[in-house]
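**Q** Quick note: the sequence shown uses the working numbering, first residue 61, plus one each step.
We put the CB at the ideal spot given by N, CA and C, even for glycine.
Since we're looking at a predicted model, the values are computed, not measured.
Pasting a structure below so you can have a look.
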Amino acid sequence: MATPELLPLFDTIAQCNRCGFCQAGCPVFRVTGEEHSLARGRQAIARSLILGTMDLSKEVIGALEDCLLCRGCTAHCFPGIRTDEIVTAMRHAYIKRHGQPAWRRILFRNILSDSRTLEFAGRMALWAKRHGLATAAEKTGLLGGPDGRLSVANRVLPRMDAPPFLREAKTQVPRPKKILHQVGYFASCGLSFQYPEVVGATLRVLARNGCETTLLDNTCCGRPAQAYGDLDAARDIARKNLDRMAGAMHLDAIVSECGSCSTFLKEYGELLKDDPIYAGKAEALSKKVRSFSEFLVAAGSTDGLGELSGTVTYHDPCHLSNRFGKITAQPRQLLKSVPGMIYKELPEADWCCGAAGSYTFLHHDEAKGVLDRKMVNVVKTGAQTLATECPACMMHLDYGARSAGLDVRVRHLSQILDEAYQAAEA
Ligand code: SF4
Ligand code: SF4
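Laid out in structure tokens, this is it:
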């Protein structure tokens, strides 16, 4: 049975000349060596689905699950085919025809789409992790299940000892000495629960740079739903965020220090372009969004940084790399502006680390293979600090450093700048 839903992609897929240059940039293919892991193989599957020589079955969609959506292939592809968009379209077509597992439907449509439910679910997960329930369940095999996915999550996730960052805590927002900018802060789920200390550092650095910051009443940005192909849920989440952020459109910028959130918010205009009510609002919001480093460099103020020591290197989150958001010069410029700290470029800095949201929980062997390659490159730099600008990357890189026994601290860029400002005041 053919898959006519993919017909609009046929011209794009037809551009694949089967040259195989995508092998050079695909982190998953480097681990598996399987043709179906490669962009060329994914185009072949899409072509067969359109022509009806292959059914959109569970097995076929299973073979597509190992795509990181990282566009490593696109960078090496002469026609520049965005395989991530083709894979997402196939996942979407599958969901439309066969539905999706209950846990994903509930997560995308009931939890991530509502900030209050999301905060409640996040607090429950934190409570379980802190009280050792997750670890105890792992030891007794309760988390194992048929493939041990939750057990992997329990190992990969950080300790998460600090209280989460909740939007009601408006008093946590520091005020600038002199107001130069008015910005809205889009809190990411990953940072709020896994790394609330990063949120604190970001808000202090923004205040230090003259920002009067308003906490936005947002929920998840919708990227996880989009990545799994539930585009209806992603659009629903985007509309809810647009309603919740309607009062922020007078601000100078909407800032997020999560590379995935900021890039996806910039894609809202495209995501909702056919929506008669929200298309204009989405386009306007997308133009207002800035990633943390992008905003700071454009604001032009990094003076007053104190001295730090050691060597730092930087990992480009996929969504900020030149394949997506193109925010690569700014984080490097900021790191190099810290006095006393030596910056060393990371080989293959823009190669995916294998986290890809929750990919590492679902395809851990492939993700770990991708991560091991990243860690070999980190060792080559001799850096004691590995900086990045995305919570999923932080989680996975930290897990990689722990697993490899490396004496490397994984830090968000905002934490390093915050430390440098504190050093100046000490
Ligand atoms: S590099 Fe592009 S054109 Fe060549 S095989 Fe891969 S996807 Fe096809
Ligand atoms: S998007 Fe990434 S993982 Fe998927 S085929 Fe391309 S390079 Fe490989």
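1. Quick one: using the 10 Å Cβ neighbour count with 16 as the cut-off for buried, is Gln75 buried or exposed?
2. I'd like the list of long-range same chain contacts for Leu240, defined as Cβ closer than 6 Å, with 5 residues on each side in sequence excluded.
3. So is the beta-carbon of Thr143 under 7 Å away from any non-hydrogen atom of ligand 2?
4. What is the DSSP secondary structure of Thr373, counted as helix, strand or coil?
5. I'd like the ranges of any alpha helix (DSSP H) spanning at least 4 consecutive residues and lying wholly in the stretch 270-302.
6. Ligand 2 and Cys79: does any heavy atom of the ligand fall closer than 7 Å to the residue's C-beta?
7. Is the beta carbon of Val349 sitting closer than 8 Å to the one on Ser320?
8. How long is the line joining the alpha carbons of Thr12 and Pro224, rounded to whole angstroms?
9. Tell me whether Val88, by its Cβ, gets closer than 7 Å to a heavy atom of ligand 2.
10. Could you spell out the range, first to last residue, of the beta strand (DSSP E) harbouring Gly244?
11. Starting from Leu380, trace the alpha helix (DSSP H) in both directions and tell me its first and last residue.
12. At a cut of 8 Å, does the stretch 393-412 reach the stretch 373-384 through at least three beta carbon pairs?
13. Beta carbon of Gly414, beta carbon of Thr420: below 8 Å?
14. Ignore the nearest five residues each way along the sequence and tell me which others in Ser381's own chain have a CB closer than 6 Å to its CB.
15. Select from Gly85, Asp312 and Ala342 the residue whose C-alpha is nearest the C-alpha of Lys326.
16. Is Phe138 a contact residue of ligand 1, with contact defined as CB to any heavy atom under 7 Å?
17. Evaluate Thr113 with the Cβ neighbour count: other Cβ atoms within 10 Å of its Cβ, from every protein chain shown; 16 or more gives buried, anything less gives exposed.
18. Please give me, in chain order, every unbroken run of the alpha helix (DSSP H) with length at least 4 that falls completely inside the stretch 151-185.
19. Looking at the structure shown, is Leu104 part of a helix, part of a strand, or coil, going by DSSP?
20. Give the range of the beta strand (DSSP E) segment to which Ala313 is assigned.
21. In chain order, what residues of the same chain have a beta carbon less than 6 Å from the beta carbon of Cys130, not counting five sequence neighbours either side?
22. Considering only DSSP beta bridges, list what Ser351 is partnered with.
23. Is there at least one non-hydrogen atom of ligand 1 closer than 7 Å to the beta-carbon of Arg107?
24. What's the call for Lys434, buried or exposed, on a 16-neighbour Cβ count within 10 Å?
25. Using 8 Å as the threshold, is the C-beta distance between Leu263 and Ala308 below it?
26. For a test of the three-state rule: what should DSSP assign to Ile402, helix, strand or coil?
27. Let me make sure I understand the geometry here. Which of Arg268, His456, Gly329 and Ala267 has the alpha-carbon closest to that of Val216?
28. On a CA-only basis, which of Glu485, Ala62 and Ile146 is nearest Arg100? Give me that one, please.
29. Nearest to Asp296 by CA position, among Lys440, Asn278 and His96, is which residue?
30. Taking Val233 as the reference, give the member of Ala213, Val265, Arg219 and Ser248 with the closest Cα.
31. Reducing DSSP to helix, strand and coil, say where Arg469 ends up.
32. Spatial neighbours of Glu228 within its chain, please: C-beta separation below 8 Å, excluding the five flanking residues on both sides.
33. What residues in its chain sit with their C-beta under 6 Å from that of Leu477, if we drop five residues either side in the sequence?
34. Which of the three DSSP states is assigned to Ile143 in this structure?
35. Beta carbon of Leu332: closer than 7 Å to some heavy atom of ligand 2?
**A** In short:
1. Working through the sequence shown from its first residue, we reach residue 75 at position 15. Gln75 should be labelled exposed.
2. Here the question's residue 240 lines up with position 180 in the sequence shown. Counting only Cβ-Cβ distances below 6 Å, and skipping sequence neighbours, we find Gly270.
3. Taking the sequence shown and counting its residues from 1, one reaches residue 143 at position 83. For Thr143, the distance from the CB to the nearest heavy atom of ligand 2 is below 7 Å.
4. To locate residue 373, count along the sequence shown from 1; it is residue 313. Looking at Thr373 - three-state DSSP - the assignment turns out to be strand.
5. 283-287
6. As a position in the sequence shown, residue 79 is number 19, starting the count at 1. Cys79 Cβ: outside cutoff for every heavy atom of ligand 2.
7. Residue numbering aside, residue 349 sits at position 289 when the sequence shown is read from its first letter. Residue numbering aside, residue 320 sits at position 260 when the sequence shown is read from its first letter. Taking 8 Å as the Cβ cut-off, Val349 and Ser320 do not qualify as a contacting pair.
8. Here the chain has residues from 61 to 486 only, and residue 12 is not among them.
9. For the purposes of this step, residue 88 is taken as the residue at position 28 of the sequence shown. Yes; taking the cut-off as 7 Å, the Cβ of Val88 has a heavy atom of ligand 2 nearer than that.
10. Counting from 1 along the sequence shown, the entry for residue 244 is found at position 184. Segment His241 to Tyr245, the beta strand (DSSP E) holding Gly244.
11. Residue 380 sits at position 320 when you count from the first residue of the sequence shown. Annotation: Leu380 is outside any alpha helix (DSSP H) and is labelled neither H nor E by DSSP.
12. Cβ pair count under 8 Å is three or more, so yes.
13. Your numbering for residue 414 matches position 354 in the sequence shown. Your numbering for residue 420 matches position 360 in the sequence shown. Against a cut-off of 8 Å, the Cβ pair of Thr420 and Gly414 comes out as a contact.
14. In the sequence shown, the residue the question calls residue 381 occupies position 321. Closer than 6 Å at Cβ, skipping near neighbours: Asp410.
15. Taking the first residue of the sequence shown as position 1, residue 326 is located at position 266. Considering only alpha carbons, the answer is Ala342.
16. Mapped onto the sequence shown, residue 138 falls at position 78. True, at least one ligand heavy atom lies under 7 Å from that Cβ.
17. Here residue 113 is taken as the residue at index 53 of the sequence shown, counted from 1. A residue is called buried when at least 16 other Cβ atoms come within 10 angstroms of its Cβ; Thr113 does not meet this threshold and is exposed.
18. 162-166
19. Position 44 of the sequence shown, counted from the first residue, corresponds to residue 104. For the record, residue 104 in the displayed sequence is Ala; it is not Leu. In this structure, Ala104 counts as helix in the three-state DSSP scheme.
20. The residue you call residue 313 lines up with position 253 of the sequence shown. For Ala313, the uninterrupted beta strand (DSSP E) segment begins and ends at Ala313 to Ser316.
21. Here the question's residue 130 lines up with position 70 in the sequence shown. Counting only residues of its own chain and dropping the five nearest sequence neighbours on each side, Cys130 has a CB closer than 6 Å to the CB of Cys378 and Cys412.
22. The count along the sequence shown starts at 1 and reaches residue 351 at position 291. Answer is Ser316.
23. Here residue 107 is taken as the residue at index 47 of the sequence shown, counted from 1. False, no ligand heavy atom lies under 7 Å from that Cβ.
24. Residue mapping note: residue 434 aligns to position 374 of the sequence shown, counting from 1. By the 10 Å Cβ count, Lys434 comes out buried.
25. Here residue 263 is taken as the residue at index 203 of the sequence shown, counted from 1. Here residue 308 is taken as the residue at index 248 of the sequence shown, counted from 1. Result no, Cβ atoms of Leu263 and Ala308 do not sit closer than 8 Å.
26. Here residue 402 refers to the residue found at position 342 of the sequence shown. Three-state DSSP puts Ile402 in a strand.
27. As a working note, residue 216 is residue 156 in the sequence shown. Considering only alpha carbons, the answer is His456.
28. Along the sequence shown, one-based indexing puts residue 100 at 40. The option with the nearest alpha carbon to Arg100 is Ile146.
29. Counted from its first residue, the sequence shown places residue 296 at position 236. The residue among Lys440, Asn278 and His96 with its C-alpha nearest the C-alpha of Asp296 is Asn278.
30. As a working note, residue 233 is residue 173 in the sequence shown. Across the set Ala213, Val265, Arg219 and Ser248, the C-alpha of Val265 shows the shortest separation from the C-alpha of Val233.
31. Within the sequence shown, numbered from 1, the residue matching residue 469 stands at position 409. Three-state DSSP puts Arg469 in a strand.
32. As a working note, residue 228 is residue 168 in the sequence shown. Contacts found: none.
33. The residue given as residue 477 occupies position 417 in the sequence shown. Cβ within range, chain order: Val265.
34. Within the sequence shown, residue 143 is the residue found at index 83, counting from 1. The residue asked about is misnamed: residue 143 is Thr in this sequence, not Ile. Three-state result, Thr143: helix.
35. Within the sequence shown, the letter at position 272 stands for residue 332. No - ligand 2 has no heavy atom lying nearer than 7 Å to the Cβ of Leu332.
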